[in-house]
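Each protein sequence line maps, in turn, to chains A and B. Going by the numbering used here, the residue at position 140 of the first sequence is 140; the numbering climbs one at a time, nothing skipped. Going by the numbering used here, the residue at position 226 of the second sequence is 226; the numbering climbs one at a time, nothing skipped. Yeah, the Cβ is synthetic: ideal placement off N, Cα and C, and Gly gets one too. Inspection log for the structure reproduced underneath, given as structure tokens.
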Amino acid sequence: MKVLPSDKIREALNILSGEAEVYVPQMRDDVSGYFIWADNPQVELALDILNTYMSPKNVVLPQTENMYSFSAVGQDANVVEVANPQGQRVIFGIKGCDLKALEALDLAFLTKGYEDEFYKARRQNLAIIARACYTPGPACFCESMGVDRLNPEADVVIHDLGNQSFAWEPKTPKGEELTSKLQGVLVEQDVKLPQAAELKRKIDITGLSEKLAGMFEHPVWDELSSRCMNCGTCTYVCPSCYCFDIQVNTRGEAGNRFRCWDSCMYREYTLMAGGHNPREYKKERFRNRFLHKLQFFNERYGVNLCIGCGRCVILCPNGVNILEVIDKLKEVQVDA
Amino acid sequence: MSDNTMKAREIAKKLLQDGTVDLVLGWEKGDEPYVSAPTVIRDASETDRLVVDEYCIHDLAALLTDYRDSHDKIAIFAKGCDSRGIVRMIQDRVITRDRLYIIGLNCSGMKDPNEYARAASGMSKITPAKKATKCQSCQYPNPIIYDEILGELQQPGADNRFAEIEKIENMTPDEKYEFFSRELSKCIRCYACRNACVACNCRTCIFDETKPQWVGRATDTVNNMLYHIVRAMHVAGRCVECGECERACPAGVPLMLLNRKLIKDVDQLFGPYQAGLSLEGDAIPPLSRYRVDDPDEFM
Numbered sequence: 001m002k003v004l005p006s007d008k009i010r011e012a013l014n015i016l017s018g019e020a021e022v023y024v025p026q027m028r029d030d031v032s033g034y035f036i037w038a039d040n041p042q043v044e045l046a047l048d049i050l051n052t053y054m055s056p057k058n059v060v061l062p063q064t065e066n067m068y069s070f071s072a073v074g075q076d077a078n079v080v081e082v083a084n085p086q087g088q089r090v091i092f093g094i095k096g097c098d099l100k101a102l103e104a105l106d107l108a109f110l111t112k113g114y115e116d117e118f119y120k121a122r123r124q125n126l127a128i129i130a131r132a133c134y135t136p137g138p139a140c141f142c143e144s145m146g147v148d149r150l151n152p153e154a155d156v157v158i159h160d161l162g163n164q165s166f167a168w169e170p171k172t173p174k175g176e177e178l179t180s181k182l183q184g185v186l187v188e189q190d191v192k193l194p195q196a197a198e199l200k201r202k203i204d205i206t207g208l209s210e211k212l213a214g215m216f217e218h219p220v221w222d223e224l225s226s227r228c229m230n231c232g233t234c235t236y237v238c239p240s241c242y243c244f245d246i247q248v249n250t251r252g253e254a255g256n257r258f259r260c261w262d263s264c265m266y267r268e269y270t271l272m273a274g275g276h277n278p279r280e281y282k283k284e285r286f287r288n289r290f291l292h293k294l295q296f297f298n299e300r301y302g303v304n305l306c307i308g309c310g311r312c313v314i315l316c317p318n319g320v321n322i323l324e325v326i327d328k329l330k331e332v333q334v335d336a
Numbered sequence: 001m002s003d004n005t006m007k008a009r010e011i012a013k014k015l016l017q018d019g020t021v022d023l024v025l026g027w028e029k030g031d032e033p034y035v036s037a038p039t040v041i042r043d044a045s046e047t048d049r050l051v052v053d054e055y056c057i058h059d060l061a062a063l064l065t066d067y068r069d070s071h072d073k074i075a076i077f078a079k080g081c082d083s084r085g086i087v088r089m090i091q092d093r094v095i096t097r098d099r100l101y102i103i104g105l106n107c108s109g110m111k112d113p114n115e116y117a118r119a120a121s122g123m124s125k126i127t128p129a130k131k132a133t134k135c136q137s138c139q140y141p142n143p144i145i146y147d148e149i150l151g152e153l154q155q156p157g158a159d160n161r162f163a164e165i166e167k168i169e170n171m172t173p174d175e176k177y178e179f180f181s182r183e184l185s186k187c188i189r190c191y192a193c194r195n196a197c198v199a200c201n202c203r204t205c206i207f208d209e210t211k212p213q214w215v216g217r218a219t220d221t222v223n224n225m226l227y228h229i230v231r232a233m234h235v236a237g238r239c240v241e242c243g244e245c246e247r248a249c250p251a252g253v254p255l256m257l258l259n260r261k262l263i264k265d266v267d268q269l270f271g272p273y274q275a276g277l278s279l280e281g282d283a284i285p286p287l288s289r290y291r292v293d294d295p296d297e298f299m
């Protein structure tokens with residue numbers, strides 16, 4: 001099998017960067033995320049940790065993304081330039097959970113009769129080098145959410161052999177292409193793939209979506225939401241939360257429209273013209289997030305919008321835990 | 001089960017049973033030993049969920065804004081820092097003292113459940129501290145106000161709160177700009193700092209205003225700075241130094257640097273003053289007072 005030795009990773013990333021934007025797990029100023037690769041001493045690869053706190057959704061949905069610039073003089077308004085983020089991109093080292101989230105984003109942005117052109121431009125030439133996951137963390141529950149963590153569907157799957165050397169397994173023609181680009185750094189070697197550790201957490205969500213359809217007014221939401229403080233941490237670190245807002249910058253007679261992540265935890269998210277807010281209090285906002293994850297998305301696309309990466313469980317400042325929420329939702333009685 | 005947990009459950013049960021309060025704000029265990037999390041209990045039969053242990057770090061006073069329009073009487077557990085948060089809420093007219101039954105906890109410092117979760121997650125290489133950062137420089141480990149109290153009186157630790165501030169004060173303006181640009185560029189604008197803050201109790205936050213939109217929604221260094229500097233100025237003289245903003249931050253922004261600089265300035269320029277130490281009439285924050293003989297010449 002081909003192997004990417006640890007001391008050749010930077011070189012491999014440099015080669016791939018020759019023709020594409022390459023997103024790699026990195027530490028930047030103490031924040032871990034998927035950032036564009038640039039080989040300089042300040043860049044610290046984060047391939048020796050399970051995953052990054054910031055999810056890779058920014059590759060296809062940047063937190064702030066320019067859409068078009070305009071000029072507005074008197075009554076005249078003209079679009080000056082529409083952004084076109086098309087180009088070759090590679091994501092290196094994405095985990096099966098985040099890849100599953102990317103598939104959910106594809107459903108939201110590319111199916112049901114409407115294609116989001118900015119998303120499509122970033123997505124269509126994206127080559128995926130996924131990292132098989134042998135040592136899940138204590139907050140992981142991806143398998144319960146239908147993730148194949150050892151054989152993710154990608155162009156290339158890499159397997160950590162320890163010491164950050166990776167077995168290299170191309171899966172698609174695009175993957176073969178990447179392999180031939182890297183022939184100078186890949187070495188042929190006998191490998192023994194590591195033993196996969198078991199996931200500590202399992203949860204059965206069979207039938208939950210259907211049950212939730214009758215639980216909108218259930219009093220359990222009061223109890224479940226009581227510790228939530230409506231910050232947006234869970235939604236922003238989540239790899240599959242994709243809500244955005246469209247905003248404008250104006251300077252004199254010129255400006256640009258951009259989109260930026262938004263969160264259903266925020267007041268402004270559902271604020272109507274005239275001042276009415278259908279989700280005035282935290283219960284409504286909290287309920288929406290979990291119903292979107294576990295019911296609404298399922299009804300529309302046939303899959304859940306949670307992929308079990310555990311980021312929200314780890315990072316919620318007030319200890320909201322989606323597994324406990326699911327347990328409770330399963331437990332309560334619903335009047336027929 | 002610890003002595004404090006047992007007593008906490010007894011007190012909560014009694015308060016709910018005899019109708020002194022409608023609900024109890026406390027903590028319960030999560031599904032990892034290092035997780036304690038805020039909980040609301042309304043039923044005397046459920047008080048056995050309550051726990052008081054070394055992971056009860058959250059400032060429960062921040063949740064009082066949820067009850068500002070209700071008539072609920074509330075029992076709330078309060079460490080030293082939380083009690084200052086309660087003073088903040090009372091002085092800011094979020095809630096009245098007579099709606100609260102405060103169960104004080106003399107506190108020897110907490111561990112941060114999020115730090116432990118991050119350390120265990122495999123997603124970072126940190127070693128969690130035996131005492132959370134925010135507790136290491138705590139000057140008020142014992143509650144300021146309470147109706148009853150649990151635990152032994154604690155001595156405050158060494159006051160090294162301003163060591164980092166002085167380092168930054170000695171930087172040149174360019175160095176300061178570079179330092180804060182770098183730190184604030186990490187911010188993902190999740191507003192966890194604001195929502196965890198007891199001093200951020202406005203009904204409509206300036207950052208949620210749409211007409212006008214005071215701060216742009218783009219996540220970039222300029223708007224991040226605007227957000228954090230405005231927030232710091234807004235809580236100047238009102239920040240009770242509970243450190244929850246910095247603890248809640250998922251991106252590791254050192255927010256207490258901004259707050260402590262202003263705590264120091266308010267103390268030196270308008271003080272002596274420390275926020276949240278008293279409910280007496282003249283203890284309101286210096287920047288929230290109106291005085292006819294205000295020395296400021298522009299008035």
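Could you tell me whether any Cβ in chain B is nearer than 9 angstroms to the Cβ of A:Glu143?
-> Taking the first sequence and counting its residues from 1, one reaches residue 143 of chain A at position 143. Chain B, which has no Cβ nearer than 9 angstroms to the Cβ of A:Glu143, makes this no.
State the DSSP-derived secondary structure class of B:Arg289, mapped to helix, strand or coil.
-> Position 289 of the second sequence, counted from the first residue, corresponds to residue 289 of chain B. If DSSP states are grouped into helix, strand and coil, B:Arg289 belongs with coil.
Would you say B:Met123 faces chain A, with C-beta separation under 9 angstroms as the test?
-> On the second sequence, position 123 is the one that residue 123 of chain B refers to. Yes, B:Met123 lies at the interface with chain A (some Cβ there is under 9 angstroms from its Cβ).
Label A:Asp7 either buried or exposed according to how many other C-beta atoms from any shown protein chain fall within 10 Å of its C-beta, with 16 as the threshold for buried.
-> Taking the first residue of the first sequence as position 1, residue 7 of chain A is located at position 7. Exposed, because fewer than 16 other Cβ atoms sit within 10 Å of the Cβ of A:Asp7.
Output the distance between the C-alpha atoms of A:Asn51 and B:Glu241, rounded to the nearest integer angstrom.
-> Residue numbering aside, residue 51 of chain A sits at position 51 when the first sequence is read from its first letter. Residue numbering aside, residue 241 of chain B sits at position 241 when the second sequence is read from its first letter. Spanning the two alpha carbons is a distance of roughly 33 angstroms.
Comparing alpha-carbon positions, which option in A:Leu126, A:Cys97, A:Ile129 lies nearest A:Glu143?
-> Stepping through the first sequence from its first residue, residue 143 of chain A is reached at position 143. When each option's Cα is compared against that of A:Glu143, the closest is A:Cys97.
Kindly indicate which three-state DSSP category A:Asn58 falls into: helix, strand or coil?
-> For the purposes of this step, residue 58 of chain A is identified with residue 58 of the first sequence, where counting begins at 1. Reduced to three states, the DSSP call for A:Asn58 is helix.
Spell out a yes or no on whether the segment 204-219 of chain B and the segment 245-259 of chain A are touching, meaning 3 or more CB-CB pairs, one atom from each, closer than 8 angstroms.
-> yes
With distances taken from CA atoms, which of A:Lys328, A:Ile307, A:Gln333, A:Val325 is nearest A:Arg149?
-> By 1-based counting over the first sequence, the position of residue 149 of chain A is 149. Checking every option, the nearest Cα to that of A:Arg149 belongs to A:Ile307.
Determine the extent of the alpha helix (DSSP H) in which A:Thr34 is found, giving its start and end residues.
-> One-based indexing of the first sequence puts residue 34 of chain A at position 34. Inspection of the sequence shows that residue 34 of chain A is occupied by Tyr rather than by Thr. It is not in any alpha helix (DSSP H) - A:Tyr34 instead sits in the beta strand (DSSP E) that spans 31-36.
Give me the Cα-Cα distance between B:Met299 and B:Ser288, rounded to the nearest whole angstrom.
-> For the purposes of this step, residue 299 of chain B is taken as residue 299 along the second sequence, with counting starting at 1. For the purposes of this step, residue 288 of chain B is taken as residue 288 along the second sequence, with counting starting at 1. Here the model assigns B:Met299 a pLDDT of 48, short of 50, so the residue's position is not dependable and the matter cannot be decided.
Quick one: give me the first and last residue of the alpha helix (DSSP H) that B:Tyr101 is part of.
-> For the purposes of this step, residue 101 of chain B is taken as residue 101 along the second sequence, with counting starting at 1. Segment 100-105 is the beta strand (DSSP E) holding B:Tyr101; no alpha helix (DSSP H) there.
Confirm, please, whether the CB-CB distance from A:Gly214 to A:Ser263 is below 9 angstroms.
-> Sequence index remark: in the first sequence, residue 263 of chain A carries index 263 (1-based). Sequence index remark: in the first sequence, residue 214 of chain A carries index 214 (1-based). No.
So, does the CB of A:Thr52 fall closer than 9 angstroms to a CB anywhere in chain C?
-> No chain C appears in the structure shown, which is made up of the protein chains A and B.
When burial is assigned at 16 or more other CB atoms within 10 Å of the CB, is B:Thr127 buried or exposed?
-> Within the second sequence, numbered from 1, the residue matching residue 127 of chain B stands at position 127. So B:Thr127 ends up on the exposed side.
is_contact[B:Pro285, chain A] using C-beta, thresh 9 angstroms | Here residue 285 of chain B refers to the residue found at position 285 of the second sequence. It does not: the Cβ of B:Pro285 has no partner Cβ on chain A nearer than 9 angstroms.
Does any C-beta atom of chain A lie closer than 9 angstroms to the C-beta of B:Lys73?
-> Along the second sequence, one-based indexing puts residue 73 of chain B at 73. No, no contact with chain A.
Could you name the residues of the same chain whose beta carbon sits closer than 8 angstroms to that of B:Leu15, not counting the 5 residues immediately before and after it, in chain order?
-> Start at 1 with the first residue of the second sequence, and residue 15 of chain B comes out as number 15. Same-chain partners within the cutoff: Val21, Val24, Ala75, Tyr101.
For A:Phe216, count neighbouring Cβ atoms within 10 angstroms of its own Cβ and tell me buried if that reaches 16, exposed if not.
-> To locate residue 216 of chain A, count along the first sequence from 1; it is residue 216. It is exposed - the Cβ of A:Phe216 has fewer than 16 other Cβ atoms within 10 Å.
Is there at least one Cβ from chain A nearer than 9 angstroms to B:His58's Cβ?
-> As a position in the second sequence, residue 58 of chain B is number 58, starting the count at 1. With 9 angstroms as the cut-off, B:His58 counts as an interface residue toward chain A.
What residues in the segment 4-23 of chain B bring their beta carbon closer than 7 angstroms to a beta carbon of chain A?
-> none
Along the chain, which unbroken stretches of the alpha helix (DSSP H) at least 4 residues long are found entirely within the segment 200-260 of chain B?
-> 221-234, 244-248
In or out: B:Glu148 buried (at least 16 other Cβ within 10 Å) or exposed?
-> Taking the second sequence and counting its residues from 1, one reaches residue 148 of chain B at position 148. When all chains shown are included, B:Glu148 counts as exposed.
Beta-carbon gap between B:Ile188 and B:Lys264 smaller than 9 angstroms = For the purposes of this step, residue 188 of chain B is taken as the residue at position 188 of the second sequence. For the purposes of this step, residue 264 of chain B is taken as the residue at position 264 of the second sequence. Taking 9 angstroms as the Cβ cut-off, B:Ile188 and B:Lys264 do not qualify as a contacting pair.
Delimiting residues of the alpha helix (DSSP H) encompassing B:Ala8 | Along the second sequence, one-based indexing puts residue 8 of chain B at 8. Start and end: 3-17.
Under the three-state DSSP convention, the category B:Met89 falls into = By 1-based counting over the second sequence, the position of residue 89 of chain B is 89. Helix, per DSSP.
Shorter than 9 angstroms from the beta carbon of A:Asn230 to some beta carbon of chain B?
-> Counting from 1 along the first sequence, the entry for residue 230 of chain A is found at position 230. Chain B, which has a Cβ nearer than 9 angstroms to the Cβ of A:Asn230, makes this yes.
Looking at the structure shown, is A:Cys316 part of a helix, part of a strand, or coil, going by DSSP?
-> Taking the first residue of the first sequence as position 1, residue 316 of chain A is located at position 316. Residue state, collapsed to three classes: coil.
Which class does A:Glu169 belong to by DSSP, given the choice of helix, strand or coil?
-> Numbered from its first residue, the first sequence carries residue 169 of chain A at position 169. It is a strand residue.
On the three-state DSSP scale, how would you describe A:Phe297?
-> The sequence position of residue 297 of chain A within the first sequence is 297, counting from 1. In the structure shown, A:Phe297 sits in a helix (DSSP, three-state: H, G or I).
Going by other Cβ atoms of all chains shown within 10 Å of its Cβ, with 16 needed for buried, is B:Thr5 buried or exposed?
-> To locate residue 5 of chain B, count along the second sequence from 1; it is residue 5. Looking at its Cβ environment, which holds 16 or more other Cβ atoms inside 10 Å, B:Thr5 is buried.
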